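Heads up, the thing below is written out as C-alpha cells.
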Amino acid sequence: MNLIFIAVIVLGVIGLVSALVLFIISNKFAVHEDPRIAQVSEVLPQANCGGCGYPGCSGFAAACVKAADAGSLEGKLCPVGGQPVMEQVAGILGLAAVASAPKIAVVRCNGTCENRPRNAKFEGAQSCRVQQMTGLGETACGYGCLGCGDCVKKCQFDALKMDPVTGLPVVDEEKCTACGACSKACPRGIIEIRLKGPKGRRVVVLCNNKDKGALANKACKASCIGCGKCVKTCEKFEAITLENNLAYIDAEKCKMCRKCEEACPKGAIHAFNFPPRKPKAEESTIQNPQNQNVEPSKAE
Amino acid sequence: MKTFHIGGVHPAENKLSAGSPIREAALPKQAVFSMFQHIGAPAKPVVQKGDVVKVGTLLAEAGGFVSAPVYSSVSGKVNKIDAVLDASGTRRMAVIIDVEGDDWEESIDRSKDLVRLSDRPELDAKTIVEKIKNAGIVGLGGATFPCHVKLTPPPGCKAECVIINAVECEPYLTADHRLMLEHPDEILVGVDLIMKAVGVTKGYVGIENNKPDAIKLMTEKSKDYPNIEIVPLKVKYPQGGEKQLIDAVVGRQVPAPPAIPINVGAVVQNVGTAFAIYEAVMKNKPLIDRIITVTGKSVKNPSNLLARLGTSFQQLIDECGGVPEDTGKIIGGGPMMGKALLSLEVPMTKGSSGLLLMNEKEARRSEPQPCIRCAKCVGACPMGLEPFLLSKVSAMEEWEIAEKNDIVSCIECGSCQFTCPSKRPLLDMIRVGKTTVMGIIRSRASKN
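Top to bottom, those sequences are chains A and B. Heads up: the first sequence runs through residues 2 to 301, numbered per this note's numbering. Heads up: the second sequence runs through residues 10 to 457, numbered per this note's numbering.
Given below as C-alpha cells:
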C-alpha cells in the first residue's frame, strides 16, 4: 500500500515539475504571431490553390496582414473567394477593400473535331505535356488544344470538363474561380485568365494559331488567319492588336460592340453571354445598358 | 564476350535488309534542307531565293560553335526559304531547292580510289578537325551532335582512345552493317583520321556479334592498322549508347552528367561518321548523302539506300515498293528510339538512319495497366536508374525528387518501357520530367 502511495506521489511531483518547466519555457520562447493572420486565414476558402500567387491560404493571409500594415490591400486578391471574401478580409484588417473585376478562364481554341481534322493518332501517355513533345500532335495546328485534359486534372473546383463531342475543355462559368491552375498546366498556353466582363459578357478571339494565314487556314476551319479585318473595324477603340498572325482583343479596351465578330471571315471571334441578336433593322441598338454611352453612334 | 554491365534488353533483331546491298536512290525533284539537322544552334542560310546551286554548294553556315553548316546535295535553283514540317513533328526553317540536272562542285573528288593517311602526310590534327567542321559532319548514329566539338577536347581533358560505334543495336537497321561490308577500307582510314585528329594511338571498333561477316572482314582489313582493334560484342540493347559502349569496350564508367565521355579519356564516333570523315578529308566531299535503311515486315523490298539529304521519305519508300496497305505507323529511325512521323512529305536529314514501316498490329500500343512493382524496369535500365519512380514523380511534377534521382542521366533508350509487363508509358513521362529538370538546372546556372 505504502509503495503505491510513494509511486503516486513521486509521479505526481515529476508531472507537476515538468508542467512548470514546460510552462516557463513555452512562455519564454513563445513565437508571437499576429493574431490577425489566423483571423484572416479563417475567412479564406482554404482551397490552397495558389491562385493568389502565394503558397496556400495561410501564406496569403500573412501577405494581406503585411500589406495592411503598409496601408493598402491593393493587388491582393483571392480569386476563389472573390470580392466578398476580400471585403471580409478588409473588415478584419480595418481597411476598405480594393475593388477588382472578376475574372474567368477562357479556352482560346475552337478546334473542334469538326473544325480541325485529326490526321494522326496519339497513343502515348494521356497527357498534354507528353503529346506536346511529339510536335504538332494529332492535328496540323501546332498551337491548338491537345485534348488530353491536363487542365481538367488540375482544376480543384470541378469547373472544367472535357466535351466528348468537340474534344475541347469547357469552363463552367459558375464554378470557375480564375485561380489560374489550368492556365499554368496547359503546355500550349491556350487558357487565358480574362476579365469576366459586365454580366459575364465578353468578346474573345478563340484561336491561338500564330502560323501564317494559309497554314492556319489549312489546319483548322475556325482559325485566326491574321487578316486584320477585326483590327480595322476596331480602329476607334484600338482594342484589337495583331501580332504574329494572331488577333488579340484587349478586354480592358473592348466596348463590346461586337462589330469584330461580324467582320471575322473565319468566325474565330466569339461573343459570350450576349442576348440573341435582333433582326437586322434594329441591330445597332445595343442590348447592354452599362456600355450604351460609349457605343459607336448610329450616325457614323 | 564483352558487353556493358548494367541493365539492357534484347529485342527481336529483325535485320530484314542485312542481305540487301547498298543502292543509290534516285535524285529527288525537290530537295528540302532543314536548318535544324544537328544538335545546337540552327544553321544560318547564306543563299537567297533564285540562287543557282550545285551539289556541294554551301547553303547555310554554322550558327555557333556547337552547330554545323548545311550543303546542297543537289544542283538547281533555290525555290524558297520557309518553315516546313520536318521529322521532329514541328515546322522549322528550311531551304527548298528545285532540282535541275546533277552538277557537282569541281572541288569534290568523285573518284573511287582509296587514299590512305600515309598518302597525305601533310595532314595535321588541326587541319583534319577544320575540314570536318567545314564539311558539316555530325554524329550519324542519330544523335547528330556536331563532330568537330567531340574532336576538340575541353581544356584539362585528354583523349586516350577512339571508340568506333559499329554495334547498330537498334533492331531492323542495317545501314552500318552494309557500310562495313562494302567500304571497310574507307572506314579504317576514317578511324585513322579521327585518331590523328585527337592525338591518340589506340582505336577500337565495337561490332555486335550478330554481324559475323562484318567482324571477319573488318578484322582482316585491320591487319594493316596495328593500332586499330576490332572488338566483337555480345548483342544487347542499348550497346550503341556512348556510355554503354565505353563500358563494353574499355570497361570504364562515365560518371553522371555533367561528365562526358572525354572525362574518362574516350572519344566515341559512329562508323557512318568515320566514313563521312574519310570522304570529307580525303575527297573534299561535304556531308550531302548518307545510307538509310527502309524496312518493315510488310515492305516489298527492304533496302539500304544511299540517298541524298533532303529527299522526301515518300520517295524513299516508293523506291522500296511503296507503303504497304496494312501500315499502321511509320517511324523515322529505329523501333526503339525512333519517332513516328506525322507526314511522309518530310525530308531526310543528317540524322535519318532508318525508316521503319510497322503494320497495324505491331504499331498499336497496349492499354497501360497498373504498376505491379515487379522492378523489371529497374533491372533493364542501362543507367542504373529507377524508371518507375522517375515516371511517377514526373507525372506528379515533383521536380526536386526527380533531380535527386538523376533523371538527367536518362538516355531515353526506352528499355524500361519495352520491358514493362504492364505496358506503362514510362519513358513518355520521364522525357517530360527530364526536359523540365534540365530547364530548371539551366535557369539556375544562368542565375549564378
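Cβ atoms here follow ideal geometry from the backbone N, Cα and C, with glycine treated the same way. Since we're looking at a predicted model, the values are computed, not measured.
- Under the Cβ criterion of 8 Å, Val-153(A) is not counted among the residues facing chain B.
- With a threshold of 8 Å between beta carbons, Gly-98(B) makes contact with chain A.
- Taking CB atoms only, Arg-109(A) has no neighbour in chain B less than 8 Å away.
- Inter-segment contact for the region 46-63 of chain B and the region 15-27 of chain B is absent: fewer than three beta-carbon pairs are separated by less than 8 Å.
- Cβ neighbours of Cys-110(A) within its own chain (closer than 7 Å, five residues either side excluded): Gly-145, Cys-146, Leu-169, Ile-191, Leu-207, Cys-208, Asn-209.
- For Arg-451(B), the closest Cβ of chain A is not nearer than 8 Å.
- Inclusion of Arg-117(A) and Cys-221(A) in the CB contact set at 8 Å is warranted, their separation being smaller than that value.
- Beta-bridge annotation (DSSP): Leu-242(B) is paired with Lys-11(B), Glu-217(B).
- Within 7 Å of the CB of Asp-437(B), the CB atoms of chain A belong to Gly-125, Ala-126, Val-131, in sequence order along the chain.
- The C-beta of Leu-351(B) comes closer than 8 Å to at least one C-beta of chain A.
- In terms of Cβ geometry, Ile-141(B) and Gly-199(B) do not form a close pair [threshold 8 Å].
- As far as DSSP is concerned, Pro-333(B) takes part in no beta bridge.
- Taking 8 Å as the CB threshold, Leu-4(A) stays off the interface with chain B.
- In this structure, DSSP gives Thr-178(A) a state outside helix and strand, which the three-state scheme calls coil.
- Here Ile-106(B) is bridged, per DSSP, to Ala-40(B), Val-87(B).
- For Gly-136(A), the closest Cβ of chain B is nearer than 8 Å.
- Closest in alpha carbon position to Leu-182(B), among Pro-20(B), Leu-364(B), Ile-381(B), is Leu-364(B).
- Residues are counted here when their Cβ sits less than 7 Å from a Cβ of chain A; for the region 51-78 of chain B the count is zero.
- A direct Cα-to-Cα measurement between Gly-448(B) and Asp-233(B) gives close to 48 Å.
- Inter-residue distance for Gln-127(A) and Gly-54(A) is about 28 Å (C-alpha atoms, whole angstroms).
- Per DSSP, reduced to three states, the secondary structure at Val-277(B) is strand.
- The CB of Gly-143(A) comes closer than 8 Å to the CB of Thr-99, Arg-100 in chain B, given here in chain order.
- Counting along the chain, the unbroken beta strand (DSSP E) around Phe-273(A) starts and ends at 270-273.
- In the DSSP assignment, Asn-174(B) is bridged to Gly-215(B), Asn-279(B).
- Nearest Cα to Gly-112(A) within the set Cys-142(A), Pro-165(A), Lys-162(A): Cys-142(A).
- Excluding residues up to 5 positions away in sequence, Phe-284, Tyr-287 lie with their Cβ nearer than 6 Å to the Cβ of Glu-195(B) in the same chain.
- Contact between Ala-252(A) and Gly-198(A) holds, since their C-beta atoms are separated by about 7 Å, short of 8 Å.
- By DSSP's assignment, Asp-298(B) forms a beta bridge with Arg-317(B).
- In this structure the region 81-90 of chain A touches the region 48-65 of chain A; the number of beta carbon pairs closer than 8 Å is three or more.
- Among the residues facing chain A, Arg-382(B) is not included, as its CB has no counterpart in that chain under 8 Å away.
- Annotation for Ala-71(A): the continuous alpha helix (DSSP H) segment containing it runs 57-71.
- Nothing from the region 43-59 of chain A brings a Cβ to less than 9 Å from some Cβ of chain B.
- Here Val-138(B) is buried, its C-beta having at least 16 other C-beta atoms within 10 Å.
- Under the three-state reduction of DSSP, Ser-400(B) is assigned to helix.
- Here Met-204(B) carries a helix assignment [DSSP, helix/strand/coil].
- Looking at the DSSP output, Leu-161(A) shares a beta bridge with Val-172(A).
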